[in-house]
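Chemist: Provided herewith is a single structure, encoded as structure tokens, for subsequent inquiry.
Numbering (this note's numbering), first residue to last: 13 to 143.
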């Protein structure tokens, strides 16, 4: 246990040393979107930088639904000529964005008590676990 704690302390110092130059180099270029992302509960400095890097062309999507689908947060709808014929594969979109949003949600649930009632509601629903 002592060895594991020492390794955590050493890796924390290394990550802190890596974190500062990354944030300082990103601030002049994308300061406003960076601070907007940092205001979201659960999104830290490095996670905000990752989201800024992965979402450069968000303006090309006409609707929010396409952005959410591109982030692998919902299944794509397979449609042709206005007729829906099921769902498409699960590998369409950015895997890094799916990870980033899942990480932000987990951190938000862990550190912000305002999110706990929503988690409790999802845990009470029967069926396959989605909480």
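The beta-carbon is built from N, C-alpha and C at its ideal position, and this holds for glycine as well.
(1) Buried or exposed: which applies to residue 55, given that a residue is buried once 16 or more other Cβ atoms fall within 10 Å of its Cβ?
(2) Output the boundary residues of the alpha helix (DSSP H) element that contains residue 120.
(3) Can residue 26 and residue 45 be called in contact, C-beta distance under 8 Å?
(4) Starting from the Cα of residue 124, find the closest Cα among 21, 19, 53, 34 and give me that residue.
(5) Within a Cβ cutoff of 6 Å, which residues of the same chain sit near residue 119, ignoring the five residues on either side of it in sequence?
(6) Note down, in chain order, each residue of its chain lying with its Cβ closer than 8 Å to the Cβ of residue 29, except the 5 sequence neighbours on either side.
(7) Put residue 138 into one of helix, strand or coil per three-state DSSP.
Modeler: With the given structure in hand:
(1) Here residue 55 corresponds to residue number 43 of the chain shown, with the count starting at 1. By the neighbour-count definition (other C-beta atoms within 10 Å, threshold 16), residue 55 is a buried residue.
(2) Translated into the one-based positions of the chain shown, residue 120 becomes position 108. Per DSSP, the continuous alpha helix (DSSP H) segment holding residue 120 begins and ends at 107 to 123.
(3) In the chain shown, counting from the first residue as 1, residue 26 sits at position 14. In the chain shown, counting from the first residue as 1, residue 45 sits at position 33. Taking 8 Å as the cut-off, the beta carbon of residue 26 is found no closer than this to the beta carbon of residue 45.
(4) Position 112 of the chain shown, counted from the start, is the residue given in the question as residue 124. The candidate whose alpha carbon is nearest that of residue 124 is 53.
(5) Residue 119 sits at position 107 when you count from the first residue of the chain shown. Hits under 6 Å: 54.
(6) Within the chain shown, numbered from 1, the residue matching residue 29 stands at position 17. Hits under 8 Å: none found.
(7) Taking the first residue of the chain shown as 1, we reach residue 138 at position 126. Residue 138: coil per DSSP, three-state reduction.
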